[in-house]
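Enquirer: Below is one structure. I have some questions about it.
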Amino acid sequence: MHKKGFTLLELIISIVIISLLTAIGSIGYTDIIQNARNAKRKSDLRELQLAIEKYYQDQGAYPDTSGQPICSFDHPTDYIPDLVSDGYIQKLPQDPTVGRKNQSIGICSMAGVTTACYMYTSNGINYKLSAYCTPEGTLDTNDVFYDSIYPGLWSVYTRGAFAW
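What follows is the structure in structure tokens.
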């Protein structure tokens, strides 16, 4: 007599194999998503840096915030003053996770800001633009964007704004 169906052992082995494949797939997917968001952040920083430097060439000063940091979460359309209105960039980009907290970074409370955003600070002479509380995964200290003063940030800045 032939039995139809699966034994309990066969079912358990099948469930274990499916679970392992799902776990491996989701880990890979998470890494891909994180890497894509990090690539966008770096691209945004480069694009904004070029626009800020072009503004400086034309105006003789950087867009000024009176030395106060402005976060893209609170000011999505004007966190870098005059850059859009003067035609240096069409639209200011937002961090892919703007408004969320990145729990893997412990330094998410500078200047009263506790969520992911792009942060710009300038006194007109110097500026610092940071992907604040946003880089995901393991941070590479050799990365050109790595901020050695605030390790939870990626930044571009003028020499005089290094320690801001």
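For reference, each letter of the sequence shown is one residue, going 1 to 164 in full-length UniProt numbering.
Positions of the beta carbon are idealized from the N, C-alpha and C atoms, including for glycine.
These figures come from a predicted structure and were not determined experimentally.
(1) Starting from the Cα of Asn35, find the closest Cα among Phe73, Ile70 and Pro96 and give me that residue.
(2) Any idea what DSSP makes of Leu92, helix, strand or coil?
(3) Looking at the strands, I want to know which residues DSSP matches up with Thr121.
(4) Name the two residues that bound the continuous beta strand (DSSP E) containing Leu153.
(5) Specify the secondary structure class of Tyr62 as computed by DSSP and reduced to three states.
(6) Given that a residue counts as buried once 16 or more other Cβ atoms are within 10 Å of its Cβ, and exposed if not, what is Asn38?
(7) Grouping DSSP H, G and I as helix and E and B as strand, with all else coil, what is Ile70?
(8) What residues are listed by DSSP as bridge partners for Tyr146?
Expert: To lay it out plainly:
(1) Looking at the Cα atoms, Pro96 is the closest of the given residues.
(2) Under the three-state reduction of DSSP output, Leu92 falls in the coil class, being neither helix nor strand.
(3) In DSSP, Thr121 forms a bridge with Lys128.
(4) Looking at the DSSP string, the run of the beta strand (DSSP E) that includes Leu153 is Leu153 to Tyr157.
(5) Coil, per DSSP.
(6) Residue environment for Asn38: buried (at least 16 other C-beta atoms within 10 angstroms of its C-beta).
(7) Three-state result, Ile70: strand.
(8) Answer by DSSP bridge pairing, in chain order: Trp154.
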